[in-house]
Each structure stands twice: as structure tokens, then as C-alpha cells.
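A.B. asks: Here it is, the structure in full.
In the numbering used here, the protein residues as written are 4 to 668.
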């Protein structure tokens, strides 16, 4: 059974290490109590120096473990992580604002297929568009839907292809990207102990051809929030961590490889010999002390026109750093915010109450040398990070060891990109701005070009409150004036914050158990809730950022998200595999919301002849709203549905069963 709670691509520790000769320590030396660090970004000279570092840290870690163990005998609570807090008190009662009727609406020009964090940076997902084809990844298969069969609007299944080659193999296929006429599917193979990237090409008739398969040595890359792959300017970007605790410094080193599949063998695939994804010469030495080091690596793989027999050519940059990290990609750079994990926080006797030490790394996509900056604080997820206008920005948790606080403290961080360097400095105090607390155990952040917005809900649960009403605090921080935040009281807790056009944010959450509330935060002028609409009897069913989508222009537009009709199905569990309905709302130019209705799922849609063999849990969800070419589509489980607008309501025009037998080619 799949254990899908690892974040990022953690490399397999099929990496042992060769016997190392003694090497000179870091500049200035290192005491037995302090793990080695170096004053600047410099790479290891080879395996011997890297492994000597591993041995040194291992010895110090064992000594620290003994110290903490004996301390725990004297005080049973010493060194223990704090328990979760008690349930928060009920929030103040507030009622949702009434919705207002709207005139006829239409689909704006343009397209929105995937709700990405940064424009120009595509993220791996389950639906992509190439021309008039929509490609769906589900059950380890690719389904090609022609939205203009015979040159006329319609829906037709042109082809279906198994990404997997043998149903007996343990595989998960999770996300895909498209580049030119290529489709890249990312999956994880337990048999190969590797991430698998399968490349298909698609022709003008919508037929698929398998071009290549690559294996990248790794552990399961799954994250409940982030995505394993990005596509920027024709480059595939992958983040992969390696836990140094898995290394055996007394065995020959075997670095993670990139291999090209040749054919399937009886027990394992037959592949090329491959080449290392990285080795010791690519790893930058630690610049902060840590007793639980990881190798954090980012790979940039140009997607040109590979010839048959070529390997996937990737350039990898790696750092030794502390355990906790968030991964963010802009159009020009890759960023890692690396924070001290529990092993490097001294939480005994009330110590460690301040902000956690951290490091910001910048890896230019151009191939220039990386840079870094010493920082503090912990971002809650990738959406708490942003790079724009010549500076890096973040919303940081500021609670140190008290990470389970029901009233977390936060800071806004901003620093000019020029402050990062190969000889890292400490970010100045003015980089951290004290902001209003989220006033809830869980908070969601998002950036626009002009604002950081974050909102809270009382608990970590995604279920609606039972027998009580809740509200939420929303804070809008102008990035040009971070000392002037605006607090907006939302009439519901905040489950989700998403971009909804150039000047709006969409907020979803629950005021009570009557249904999902959707609000529009207008960022023109002083931030305010422009409108709130209650989707009565509807509850949000998927948690990922890609589950929401919108297409909104100056004159208004549309938004859609998966919902269900029962409270029991509203937990937004990551393993949920039942289909959802798609709820649609229109947004007027003035920011008024209107419930347009549903495109309904069909629980019995699966064709009797269809059988899922591989990757049968929908870890990335299975429902999406899609806006393209002046048309509205909804993926709902095994069906692609097209909707049409009549007045201010949506209705079904046609639907296509993806599980029906594909046409014969």
C-alpha cells in the first residue's frame, strides 16, 4: 500500500559511500559540539571530503542523541515536541452577505486550464491542453479529447493509451506537463525505486506515440500540496532531497542516476547505464550547522528535440542544509527556503521560542552560480513565497518550537535579490515586518503583484463546523507598504485563497454547516469583501490549488471548483477518488457573485468494459473546471462535460465518457 506522505523527490539511499581518506576540515575548524560549516558557497572536492563530513556529523549526532536521552531520563518532557493545542473557542457569529442577481454572463476571451501559482511557470497536473485537444491523465492512462471534431464544437475521444506497460508493476502516475507536441507524465515506480518520466508525442489527429521513458533514482515524491514538476521556458524543473541519515559512509558510493528505458525485463526494466543526476562535485557545503543534514537538489532539464537513444540531459545544483524546506519557481530562478527541523531546534526548558533559523537559496535557471541569504522563520507552504519586482517576499511563521499554536505569529519578509550572494549575509532586521496574527490555527497565504493576502480558520479540519458559526480574519499586506496591513473580517473561515483575476482574490470556507461560502476580496483601493455567496447544501471536496480555476477579465468572468452534496464527503481527503460535481459562479465587473449552478457528476458513469489496473487512487483529485476558447468544460471522474450559459445559469451541452472503448486506430 502506498505511503504517500513524503514531500518532494527524496532520493533513495541506494547510496552508500566509499571509504574516505582523512580530509582537512572547514575554514576555522569545527568543535566536537558544533557541526562543520563553511563561510561561503563552495562545493565538495569529491566523495572523500563529502563522506568525511558525513562521518563527522554522524559522530556529533550520536553524542547529541546520548545527551538528549540522558536529559529525558531526568525530565520526561525534555526535548519532546509540544502536543497539539486544545480546540479553539467558538468564533464570533456572522452571517454571509446576500447574493445579488446578475444579467447574462459570458466566457471571457483567453484560456485557463491549470490554476498555477506563477504565470509563465506551468505545474504538473491531470489535465492539459494542446491545440483543440484536452489530454486527461487518469488511472495510469492518457485520454485525448478532441473539442472540435471535424472542425465543429463537440467532444470526441480520439485515443487512449496506457502509460504503464505491465499492470503487475507497482506504479503511480500523478501529473503531466506538455511542451510543443510532447506530453510528459511523471510517476513513481516501486520496482525501479525511481521516479519515471514517460514522454509521448501527439500528432494532428490526436494519436499518441510513446517516445521515451526515463528513470530518476528517488523515493516517492508525493506532496499533499506541492507539485513534483514545473515547466519554465522549455525546461523541466525537478526538486529532489536526499536524507544523509540514509548514507553508509563505509560502503562504495552509488549516486542517483538518470537512466533511459530500453525494454522490460523479468524483474526490472533494462535501461542504459545512465549517468549520475549529481555527485559530490555538485554539492555545496553547509553554511549553517545541522545535526540532521539533507542534500537538497534542483535539476533543470532542457526539453529540446531529443534524438532516439539520447539521455535526459539535466543540470543539477545541490546544497547540504537543514531538513525542512519549501520549493518555489519563478520565471527566472528556483528558490529553496530551508529551515531548521526539530533535530536542530533546542526546545528544552522553554528555549527555542524565537523564530527558527533558515536559509534562502537562489538557483538561476540560466545556469549562473547560486546565491544564498541567512534568514529566519518558516513558510507554511510554497504559496507563502514569491519573487517579484526585484525582491524576494515571504510570509513566515514565527513561533519556533511552538509550531502548534492556535494563534500563530507571522512576519512579512522582503529582501532585494541583490542581497543574496555566494558569501551569505544575514538579512537585516528591516526585512521582517510584524504583521497581524492570522487568529486561527490554520492559515492560507497567496501573493499578487501588489498584495500578500492570508486568511485563517479556527482548526486544521476541512469539515464545516457542527453546531456553531465561525468567521475568519483576512489580512491584506501591500507589498509596497508592508507596515500598513489591512484587516478584513470574512463572514466565514478560510479554507482556500486563490487568484481570481488581476485585482481579486477568491476565498472559500464555512460559516456554519449550511454550505460552502465563497467571497470575493477586491484589492482595488482599500481591500474589502466585495460579495459573499452561500452555495447552499454544497461542500468543497478537493484540497489542491488546481481544483479551483477561474477566468476573469476587466468585465468580469467565471470561476469553478469541485463540490459535493453531503457533509460527510467534505473532508477534502487527499485519497478521495469519488467524482465530484463542478460548481460555477460568475463574477461581475463590480465584484458581485452569482451561483450559476452545477455540472453534475454521474456516479455510475464508468463503462462496464472499463477496468482500472494501475494508479487507481486519485491522489491529485479527479475533477477540474476548464475555460478555453470561449467554452466551459468540467472533468468529473471518468467524464468530460461541456457546459453552456443561458442567461446567468450554466447547463449541460454534452458529455463524453472517457471509460468507453476508444476508437480503433
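Glycine residues also receive a C-beta, built at the ideal position from the N, C-alpha and C atoms. Fair warning: this is a prediction, and the values are worked out from it, not measured in the lab.
1. Using only the alpha-carbon positions, how far apart do residue 556 and residue 597 sit?
2. Just the C-alpha distance for residue 261 and residue 224, rounded to the nearest angstrom, thanks.
3. Check the DSSP bridge columns for residue 340 and list the partner residues they point to.
4. Out of curiosity, what's the CA-to-CA distance linking residue 519 and residue 565?
5. Report yes or no: do three or more beta-carbon pairs, one from the segment 415–430 and one from the segment 446–453, lie closer than 8 Å?
6. Let me check understanding here. Comparing Cα to Cα, which of 385, 358, 388 lies closest to residue 1?
7. Please report the residue range of the beta strand (DSSP E) in which residue 108 lies.
8. Please name the residue in 506, 252, 529, 465 whose C-alpha comes closest to that of residue 498.
9. Given this structure, state the Cα-to-Cα distance separating residue 82 from residue 71, to the nearest angstrom.
10. Put residue 383 into one of helix, strand or coil per three-state DSSP.
11. Helix, strand or coil: how does DSSP classify residue 611 here?
12. Is DSSP giving residue 554 helix, strand or coil here?
13. Can you check DSSP and say which residues form a bridge with residue 334?
14. Just the C-alpha distance for residue 267 and residue 274, rounded to the nearest angstrom, thanks.
15. Since residue 587 and residue 110 should fall inside the 8 Å C-beta cutoff, what is the C-beta to C-beta distance between them, to a whole number of angstroms?
16. Return the bridge partner residues of residue 570 from the DSSP annotation.
17. With DSSP run on the structure shown, which of helix, strand or coil describes residue 482?
18. My output table needs one value for residue 70: the three-state DSSP class, helix, strand or coil.
19. Consult DSSP for residue 581 and reduce its assignment to one of helix, strand or coil.
20. Along the chain, which unbroken stretches of the beta strand (DSSP E) at least 3 residues long are found entirely within the segment 217–287?
21. Could you please give the first and the last residue of the uninterrupted beta strand (DSSP E) stretch that includes residue 188?
22. Indicate the three-state DSSP secondary structure (helix, strand or coil) for residue 175 in the structure shown.
23. Find the nearest neighbour of residue 156 within the set 663, 647, 667, judged by alpha-carbon distance.
24. Measure the C-alpha to C-alpha separation of residue 500 and residue 533 and round it to an integer number of angstroms.
25. Are the beta-carbon atoms of residue 332 and residue 298 separated by less than 8 Å?
26. Along the beta strand (DSSP E) that carries residue 398, what are the first and last residues, could you check?
27. I need the straight-line Cα distance from residue 654 to residue 634, nearest angstrom please.
28. Straight-line CA distance for residue 118 to residue 551?
29. Under 8 Å Cβ to Cβ from residue 661, same chain only, skipping five residues before and after it: list those, please.
30. Alpha carbon to alpha carbon, how far is residue 434 from residue 415?
31. Please say whether residue 178 and residue 128 have beta carbons closer to each other than 8 Å?
32. Once the 5 residues before and after residue 168 are set aside, which same chain residues still bring their CB inside 8 Å of it?
33. Quick one, are the C-beta atoms of residue 621 and residue 601 less than 8 Å apart?
34. Since I believe residue 204 is in contact with residue 212 (beta carbons under 8 Å), could you give me their beta-carbon distance rounded to a whole number of angstroms?
35. Under the criterion of a Cβ to heavy atom distance below 7 Å, does residue 453 qualify as lining the ligand FMN?
36. Look at residue 329 and residue 388 and say whether their C-beta atoms are less than 8 Å apart.
C.D. replies: Taking the geometry as given:
1. By 1-based counting over the chain shown, the position of residue 556 is 553. By 1-based counting over the chain shown, the position of residue 597 is 594. Taking the straight line from one Cα to the other gives about 16 Å.
2. Residue 261 sits at position 258 when you count from the first residue of the chain shown. Residue 224 sits at position 221 when you count from the first residue of the chain shown. A direct Cα-to-Cα measurement between residue 261 and residue 224 gives close to 16 Å.
3. If you number the chain shown from 1, residue 340 lands on position 337. Per the DSSP secondary-structure output, residue 340 pairs in a beta bridge with 329, 363.
4. Residue mapping note: residue 519 aligns to position 516 of the chain shown, counting from 1. Residue mapping note: residue 565 aligns to position 562 of the chain shown, counting from 1. Rounded to whole angstroms, residue 519 to residue 565 spans 11 Å at the Cα level.
5. Three or more beta-carbon pairs separated by less than 8 Å are not found between the segment 415–430 and the segment 446–453, which leaves the two stretches without contact.
6. Outside the modelled stretch of the chain, which goes from 4 to 668, sits residue 1, for which no answer is possible.
7. Within the chain shown, numbered from 1, the residue matching residue 108 stands at position 105. From DSSP, residue 108 is part of no beta strand (DSSP E); its letter is neither H nor E.
8. On the chain shown, position 495 is the one that residue 498 refers to. Ranked by Cα distance from residue 498, the first of 506, 252, 529, 465 is 465.
9. By one-based count along the chain shown, residue 82 stands at place 79. By one-based count along the chain shown, residue 71 stands at place 68. Any answer about residue 82 is weak, because its pLDDT of 41 lies below 50 and its placement is not dependable; what the coordinates show is given next. Residue 82 and residue 71: Cα-Cα distance of roughly 7 Å.
10. Mapped onto the chain shown, residue 383 falls at position 380. Correct three-state label for residue 383: coil.
11. Locating residue 611 in the chain shown gives position 608, where the first residue counts as 1. Three-state result, residue 611: coil.
12. Walking along the chain shown from the start, residue 554 turns up at place 551. Strand at residue 554.
13. On the chain shown, position 331 is the one that residue 334 refers to. Paired residue(s): none; residue 334 is not in a bridge.
14. In the chain shown, counting from the first residue as 1, residue 267 sits at position 264. In the chain shown, counting from the first residue as 1, residue 274 sits at position 271. Residue 267 and residue 274: Cα-Cα distance of roughly 8 Å.
15. One-based indexing of the chain shown puts residue 587 at position 584. One-based indexing of the chain shown puts residue 110 at position 107. About 11 Å separates the CB atoms of residue 587 and residue 110; that is not less than 8 Å, and the two are not in contact.
16. Within the chain shown, numbered from 1, the residue matching residue 570 stands at position 567. Paired residue(s): none; residue 570 is not in a bridge.
17. On the chain shown, position 479 is the one that residue 482 refers to. When secondary structure is reduced to three states using DSSP, residue 482 falls in the coil class, being assigned neither helix nor strand.
18. Reading the chain shown from its first residue, position 67 is the one you call residue 70. If DSSP states are grouped into helix, strand and coil, residue 70 belongs with the helices.
19. Residue 581 sits at position 578 when you count from the first residue of the chain shown. DSSP, reduced to helix, strand and coil, places residue 581 outside both helices and strands of the structure shown, so it counts as coil.
20. Unbroken beta strand (DSSP E) runs of no fewer than 3 residues, entirely contained in the segment 217–287, are found at 232–235, 238–246, 260–267, 272–274, following chain order.
21. The sequence position of residue 188 within the chain shown is 185, counting from 1. From DSSP, the beta strand (DSSP E) with residue 188 extends over 185–192.
22. Locating residue 175 in the chain shown gives position 172, where the first residue counts as 1. If DSSP states are grouped into helix, strand and coil, residue 175 belongs with the strands.
23. For this step, residue 156 is matched to residue 153 along the chain shown. For the residues 663, 647, 667, the minimum Cα distance to residue 156 belongs to 647.
24. Within the chain shown, numbered from 1, the residue matching residue 500 stands at position 497. Within the chain shown, numbered from 1, the residue matching residue 533 stands at position 530. Straight-line Cα distance between these residues: approximately 15 Å.
25. Start at 1 with the first residue of the chain shown, and residue 332 comes out as number 329. Start at 1 with the first residue of the chain shown, and residue 298 comes out as number 295. By the CB criterion at 8 Å, residue 332 and residue 298 fall outside the cutoff.
26. Here residue 398 corresponds to residue number 395 of the chain shown, with the count starting at 1. Start and end: 394–400.
27. Reading the chain shown from its first residue, position 651 is the one you call residue 654. Reading the chain shown from its first residue, position 631 is the one you call residue 634. When rounded, the distance between both Cα atoms is 12 Å.
28. Counted from its first residue, the chain shown places residue 118 at position 115. Counted from its first residue, the chain shown places residue 551 at position 548. When rounded, the separation of the alpha-carbon atoms in residue 118 and residue 551 is 7 Å.
29. Indexing the chain shown from 1 puts residue 661 at position 658. Excluding sequence neighbours, residue 661 sits near 139, 141, 146, 148, 160, 163, 641, 642, 643.
30. Residue mapping note: residue 434 aligns to position 431 of the chain shown, counting from 1. Residue mapping note: residue 415 aligns to position 412 of the chain shown, counting from 1. If you take the alpha carbons of residue 434 and residue 415, they lie about 8 Å apart.
31. As a working note, residue 128 is residue 125 in the chain shown. As a working note, residue 178 is residue 175 in the chain shown. Contact flag set, yes.
32. Along the chain shown, one-based indexing puts residue 168 at 165. These residues qualify, in order along the chain: 267.
33. Residue 621 sits at position 618 when you count from the first residue of the chain shown. Residue 601 sits at position 598 when you count from the first residue of the chain shown. No, Cβ-Cβ distance for residue 621 and residue 601 is not below 8 Å.
34. Walking along the chain shown from the start, residue 212 turns up at place 209. Walking along the chain shown from the start, residue 204 turns up at place 201. Indeed they touch by this definition, with Cβ atoms about 5 Å apart.
35. In the structure shown, the ligand FMN is absent, as is every other ligand, since no ligand is present at all.
36. Position 326 of the chain shown, counting from 1, holds the residue named residue 329. Position 385 of the chain shown, counting from 1, holds the residue named residue 388. It is a contact, given that the beta carbons lie within the stated cut-off.
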